[in-house]
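Enquirer: In my numbering, the protein residues as written are 322 to 480. Don't be surprised by glycine CBs; every beta carbon is placed ideally from N, CA and C. A quick note: this is a predicted structure, and the numbers were derived from the prediction, not measured. Let me begin by handing over the structure; questions about it come next.
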Amino acid sequence: MSNKQNTGYDAIKKMLNTLRTISENTTASKTLNEEKINTLVIGNNVEVKVHSDDQQDLKIGDEEKNSLNQLIENFKTQVYELATFEEGFNIYQNSVRLDGSIDNDLTFVFIAGQDRGLYINANMLKLDNEMAQIIDKLSKFQHTFEDVMNELIETRKYN
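Take a look at the structure:
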């Protein structure tokens, strides 16, 4: 009986040591490829954060800045002029995300690339005709957003 308890204890001890070793290896590899963030502000006072573990990928060119500026201008013309973009753009290797809000009642997120789509969050929002039109415009703008951002994603992959 004493042997069974020791064997169980030894098995658990061995398993914990294995988990500890795996955890240490994972932590060591994360510090080697730690993600860096380059933050800049473009026209319309919209923040752009470029996320990458490669120093070269953190740079954003003038043509890309112009595309992002034009996209914000198009949004304000086509969807809602008074929208705010608190988080702004987040550019990752496989996706681009744009966070914003309308009248502090409706927050939205556009994502192009991986996990693409339009995501909306509203807490007890009254859905009247005006708000229904804004949601419809957001949905239609998703295609414009994806076209521009997919081009940016592809360009960044090959640079």
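CB Glu408 to CB Asp424, shorter than 7 Å?
Expert: no
Enquirer: Could you have a look at Glu368 and say whether DSSP puts it in helix, strand or coil?
Expert: strand
Enquirer: Alpha carbon to alpha carbon, how far is Thr476 from Glu385? Give it in angstroms, no decimals.
Expert: 9 Å
Enquirer: Just the C-alpha distance for Met445 and Leu459, rounded to the nearest angstrom, thanks.
Expert: 19 Å
Enquirer: Reducing DSSP to helix, strand and coil, say where Asn332 ends up.
Expert: Note on residue identity: the sequence assigns Ala, not Asn, to residue 332. Three-state DSSP puts Ala332 in a helix.
Enquirer: Starting from Glu394 and walking both ways along the alpha helix (DSSP H), at which residues does that stretch end?
Expert: Asp383 to Gln399
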